[in-house]
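Its first residue numbered 3, the sequence shown is counted upward by one per residue in our numbering.
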Amino acid sequence: MLPFFRRKTRQGDFWAWLQENTDRIKRNGGEISPRVLRELSEAFASSYPDLVWEVGPRDEDCWEFCVSADGDPNLVDKVYSAIEDAPELDGWVVLPFRQRGPLTVEVGFGDASMGYDDLWCRVKADGHRAKVKVLIRGLTEENSEQLLGASLILLDNAIGEEDSLTMLSHLSNGPLPDNPQRTDSCFPLAELPAWLDRLKESD
Numbered sequence: 003m004l005p006f007f008r009r010k011t012r013q014g015d016f017w018a019w020l021q022e023n024t025d026r027i028k029r030n031g032g033e034i035s036p037r038v039l040r041e042l043s044e045a046f047a048s049s050y051p052d053l054v055w056e057v058g059p060r061d062e063d064c065w066e067f068c069v070s071a072d073g074d075p076n077l078v079d080k081v082y083s084a085i086e087d088a089p090e091l092d093g094w095v096v097l098p099f100r101q102r103g104p105l106t107v108e109v110g111f112g113d114a115s116m117g118y119d120d121l122w123c124r125v126k127a128d129g130h131r132a133k134v135k136v137l138i139r140g141l142t143e144e145n146s147e148q149l150l151g152a153s154l155i156l157l158d159n160a161i162g163e164e165d166s167l168t169m170l171s172h173l174s175n176g177p178l179p180d181n182p183q184r185t186d187s188c189f190p191l192a193e194l195p196a197w198l199d200r201l202k203e204s205d
């Protein structure tokens, strides 16, 4: 039993550290000093060495601390476990996984950029998960490396890390036709988050 209790104490130590150092972290608004960032990284890694974190202001009084699997589906359960370890922390909202972002962002690459107007998707329910094909405007063999990378960033931003890791049973890609036709299973990628939410509710 002793190793079990030592392990849990070490994990709990990070959240105690975060609460004790809240004032130092928030002292300069959104600018955390390099020293405090280093200490935060070391404290987190000592408790959750396989996971990564993000931190930032939510509003004037409250900050968000995000625990992420960094895109690794094998670490999903460890993220859930870390969130369960976290107590109520004054001035903090602790979040599992990177959250969904605004659907107005664009990703730049070279002299070009990609936004949600450039992406559609074709979907098919696969039990409680989904098969998704991302359709990319202008995709060719020559530009596939840049466009596929940008499309993945926008996909993760749209649906969030948790759905990206747990809701997609298969992900593929292809070129977007010049005049795509909207159907129940083919629509702009910006509508995929709501479609996944409906799929979860129907499960």
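Note that beta-carbon positions come from the ideal geometry of N, C-alpha and C, so glycine has one too. Here the structure is a predicted model, which is why all the values come from computation and not from measurement.
Checking the DSSP bridge columns, you'll see Ala-127 partnered with Ala-132. Counting along the chain, Pro-182 sits inside no alpha helix (DSSP H), nor does DSSP assign it H or E at all. If the five residues before and after Pro-75 are omitted, its C-beta is found closer than 8 Å to the C-beta atoms of Leu-167, Thr-168, all from its own chain and listed in chain order.
By alpha-carbon distance to Ala-160, the top candidate from Asp-61, Gln-148, Leu-198, Val-38 is Leu-198. Here Leu-77 is near Leu-53, since their CB atoms are less than 8 Å apart. Cβ contact annotation for Pro-195 (same chain, cutoff 7 Å, sequence separation greater than five): Arg-102, Ala-160, Ile-161, in chain order. Glu-86 is positioned such that its CB atom lies no closer than 8 Å to that of Cys-68. Note that the C-beta distance between Lys-135 and Ser-174 is below 8 Å. Residues of the same chain with a CB within less than 7 Å of the CB of Arg-124, apart from the 5 flanking positions on each side, are Lys-135, Leu-137, Ser-187, Cys-188 in chain order.
Note on geometry: alpha-carbon atoms of Gly-151 and Leu-201 lie some 26 Å from one another. Given a length threshold of 4 residues, each whole run of the alpha helix (DSSP H) inside the region 18-83 is given here in chain order: 24-28, 36-49. Straight-line spacing of the CA atoms in Leu-191 and Ala-71 works out to 23 Å. In the DSSP annotation of this structure, Asn-159 is not part of any beta strand (DSSP E); the continuous alpha helix (DSSP H) holding it starts and ends at 146-168. By DSSP's assignment, Val-96 forms a beta bridge with Phe-67.
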